Amino acid sequence: MPLLLDRFDRTIDYLRVSVTDRCNFRCVYCMPEEGFPCTPKEEHLSAEEFARIIGVAAGLGMSKVRFTGGEPLLRKDLPEIVRAARDAGVVDLSATTNGHRLPEMAEPLAAAGLSRVNISLDTLRPDRFTAIARRGSLEIVLEGIRAAVEAGLAPVKLNVVALRGINDDEAADFAAWTLREPVHVRFIEVMPMRWNLDEGPSMEAFSPHGGAGLLQIRQAPGGMLSDADMRRRFVPCEELMASIEAVHGKLEPADLRTNGPARTFRLAGAPGTVGFISQISNDLCSRCNRLRLTHDGFLRGCLMSDGELDLRNPIRSGATDEEIRALFEHVVAHKPERHYLAEGQRVTGRGMSQIGG
């Protein structure tokens, strides 16, 4: 099977597929209260178009596909897309979700061929959940996690975006969960990317650790943390690791299948693991093996680069699979070596919910 190699000798075998830019949450680091303008439905790729592109990717040796959004479980035809990817020969199929629709979707997705899920969950406290996500229910997400376990979508990983003064005091609480159950918590350093860099509540709009100021986020201008405030809210993973060890003792290195860029550890006797994705303090670009396909059919070589190539219009104009393969190869040939977030890089073309995180 062909292998995609970029200029830096990285094997590109992983495709992240955003199936929608719509989301049923409004997380303060991702979207404003009113949401972003959504792409018209006719500009979204159809299930058949996703299947065709994923089939071309599989033929190029891309053996891993992760479905993202927005919130991917909002697409009613997601099981159909998953099944098509499985039939194309993709051996590792996963999804990242906020978990709110997992209670009803876990079983159909598992039956379609999905292997596992990552669930975004930034807090274990109901009042903070309401303040951060501004939609949904913590109890329903916890029910979704249970449904994923029962459906065999394992290992179940929990993605926690760490934000100073908002949820960084919960690191030890999340780690304690891994002592009770086989859940795999991964703390993620916040990535400062948004459309409008000047709007959004100032840091002073928030009280440390979820006080009244955080709960007033709905009244803050724009309702979304600005790029500058996300940088101020940054918590290095080493600090989170130290706070966990201060409560629970030493974290020992561990292995977890498919844990990607996370550095993985385990507390003594724990059935679960604790991971750290430190893409800011210790960027992992030298091992990057992925491309990203947006919901509207653009292929990107890097989350933090504005460059992207249109696949939708060529497909709708009758492009052959060979021509689509050539577009994949072009994006790989121009994949950047690394991001420059630590140097102040900003992405201006799309927000996270338009790209798929």
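Numbered continuously in this note's numbering, the sequence shown closes out at residue 546.
No residue lacks a Cβ here, since even glycine has one placed at the ideal position from N, Cα and C.
What you are looking at is a predicted structure, and each value in this text was computed from that prediction instead of being measured.
Are the CB atoms of N356 and T312 within a distance shorter than 7 Å? Numbered from its first residue, the sequence shown carries residue 312 at position 123. Numbered from its first residue, the sequence shown carries residue 356 at position 167. Taking 7 Å as the cut-off, the Cβ atoms of T312 and N356 count as close.
According to DSSP, what are the bridge partners of V436? Here residue 436 is taken as the residue at index 247 of the sequence shown, counted from 1. Bridge partners of V436: none, in fact.
For R255, which three-state DSSP category applies? Taking the first residue of the sequence shown as 1, we reach residue 255 at position 66. Secondary structure of R255 (DSSP, three-state): strand.
For P344, does the count of other Cβ atoms within 10 angstroms reach 16, so buried, or fall short, so exposed? The residue labelled residue 344 in the question sits at position 155 within the sequence shown. It is buried - the Cβ of P344 has at least 16 other Cβ atoms within 10 Å.
If we count the other Cβ atoms within 10 Å of its Cβ and call it buried at 16 or more, is D416 buried or exposed? Against the sequence shown, residue 416 aligns to sequence position 227. Buried.
C-alpha gap between L194 and I466, whole angstroms: Translated into positions along the sequence shown, residue 194 becomes position 5. Translated into positions along the sequence shown, residue 466 becomes position 277. Note on geometry: alpha-carbon atoms of L194 and I466 lie some 24 Å from one another.
In this structure, does DSSP put P297 in helix, strand or coil? Numbered from 1 along the sequence shown, position 108 holds the residue referred to as residue 297. Looking at P297 - three-state DSSP - the assignment turns out to be helix.
Please identify the residue among A320, S326 and L331 whose C-alpha is closest to the C-alpha of N307. Numbered from 1 along the sequence shown, position 118 holds the residue referred to as residue 307. Scanning A320, S326 and L331 for the CA closest to the CA of N307 turns up L331.
Classify L249: buried if its beta carbon has 16 or more other beta carbons within 10 angstroms, exposed otherwise. Indexing the sequence shown from 1 puts residue 249 at position 60. When all chains shown are included, L249 counts as buried.
Can you tell which of V436, S326, R199 and L310 has its C-alpha closest to the C-alpha of R377? Residue 377 sits at position 188 when you count from the first residue of the sequence shown. One point to set straight first is that residue 377 is Ile, not Arg, in the sequence displayed. Closest option to I377, Cα to Cα, is L310.
Quick one: is A246 buried, meaning 16 or more other Cβ sit within 10 Å of its Cβ, or exposed? Along the sequence shown, read from residue 1 onward, the residue named residue 246 stands at position 57. Within a 10 Å sphere around the beta-carbon of A246 sit 16 or more other beta-carbons, which makes this residue buried.
Considering just the uninterrupted stretch of the alpha helix (DSSP H) at V338, what are its terminal residues? Numbered from 1 along the sequence shown, position 149 holds the residue referred to as residue 338. Its alpha helix (DSSP H) spans residues L327 to A340.
Look at G486 and R501 and say whether their C-beta atoms are less than 7 Å apart. Your numbering for residue 486 matches position 297 in the sequence shown. Your numbering for residue 501 matches position 312 in the sequence shown. Yes, the Cβ-Cβ distance between G486 and R501 is below 7 Å.
As a quick exercise: from L263, T319 and A273, pick the residue whose alpha carbon is nearest that of M294. Translated into positions along the sequence shown, residue 294 becomes position 105. M294 has its Cα closest to that of L263, out of L263, T319 and A273.
Leaving aside the five residues before and after N213 along the sequence, list all residues of the same chain whose C-beta is less than 7 Å from its C-beta, in chain order. Position 24 of the sequence shown holds residue 213. Answer for N213: E260, L263, H289, R324 and G325, listed in chain order.
Reference R514, options L498, A274 and N478, closest by Cα: Within the sequence shown, numbered from 1, the residue matching residue 514 stands at position 325. Ranking L498, A274 and N478 by Cα distance to R514 puts L498 first.
Hey, would you say L445 sits closer than 7 Å to T453, going by beta carbons? Position 256 of the sequence shown, counting from 1, holds the residue named residue 445. Position 264 of the sequence shown, counting from 1, holds the residue named residue 453. Against a cut-off of 7 Å, the Cβ pair of T453 and L445 comes out as a contact.
Would you list, in sequence order, the uninterrupted beta strand (DSSP E) runs of no fewer than 3 residues that lie entirely inside the segment 192-241? List check, beta strand (DSSP E) in window: 203-207.
Which of helix, strand or coil DSSP assigns to D311: For the purposes of this step, residue 311 is taken as the residue at position 122 of the sequence shown. Residue state, collapsed to three classes: coil.
Answer yes or no: does any C-beta atom of chain D fall closer than 7 Å to that of A277? In the displayed structure, chain D is absent; only one protein chain is listed.
Within 10 angstroms of its Cβ, does F197 collect 16 or more other Cβ (buried), or is it exposed? Reading the sequence shown from its first residue, position 8 is the one you call residue 197. So F197 counts as exposed.
Does the separation of the CB atoms of E222 and R211 fall below 7 Å? Taking the sequence shown and counting its residues from 1, the one referred to as residue 222 is at position 33. Taking the sequence shown and counting its residues from 1, the one referred to as residue 211 is at position 22. Not closer than 7 Å, so no.
Per DSSP, which one or two residues make a beta bridge with E441? As a first step, residue 441 must be located in the sequence shown, where it is residue number 252. Beta-bridge pairing links E441 to R455.
Nearest-angstrom Cα distance between A300 and A337? As a working mapping, residue 300 is identified with position 111 in the sequence shown. As a working mapping, residue 337 is identified with position 148 in the sequence shown. Distance between the alpha carbons of A300 and A337 is about 12 Å.
Between G496, V372 and G507, which lies nearest to V463 when the distance is taken from Cα to Cα? Here residue 463 corresponds to residue number 274 of the sequence shown, with the count starting at 1. Nearest C-alpha to V463: V372.
Going by the DSSP bridge assignment, what does I321 pair with across the sheet? By 1-based counting over the sequence shown, the position of residue 321 is 132. Bridge partners of I321: none, in fact.
Report back the beta-carbon spacing between A284 and I243 to the nearest angstrom; my notes put them in contact at under 8 Å. In the sequence shown, residue 284 corresponds to position 95, counting from 1. In the sequence shown, residue 243 corresponds to position 54, counting from 1. Not really, about 14 Å apart at Cβ, beyond 8 Å.
So, are the CB atoms of I270 and A360 less than 7 Å apart? Taking the first residue of the sequence shown as 1, we reach residue 270 at position 81. Taking the first residue of the sequence shown as 1, we reach residue 360 at position 171. Not in contact: I270 and A360 (Cβ atoms no closer than 7 Å).
Nearest-angstrom Cα separation, counted from P297 out to A273: As a position in the sequence shown, residue 273 is number 84, starting the count at 1. As a position in the sequence shown, residue 297 is number 108, starting the count at 1. Annotation: A273 to P297 spans about 14 Å, alpha carbon to alpha carbon.
Taking just the CA atoms, how far does N478 sit from R199? Position 10 of the sequence shown, counting from 1, holds the residue named residue 199. Position 289 of the sequence shown, counting from 1, holds the residue named residue 478. The C-alpha of R199 lies about 6 Å from the C-alpha of N478.
Can you give the Cα-Cα distance for F318 and V217, rounded to whole angstroms? Walking along the sequence shown from the start, residue 318 turns up at place 129. Walking along the sequence shown from the start, residue 217 turns up at place 28. So the two alpha carbons sit approximately 11 Å from each other.
Would you mind working out which of P292, R455 and E238 sits nearest D266, comparing C-alpha positions? For the purposes of this step, residue 266 is identified with residue 77 of the sequence shown, where counting begins at 1. Ranking P292, R455 and E238 by Cα distance to D266 puts E238 first.
Cα-Cα separation between F165 and G258, rounded to whole angstroms: Because the chain spans 190 through 546 in this model, residue 165 falls outside it and cannot be assessed.
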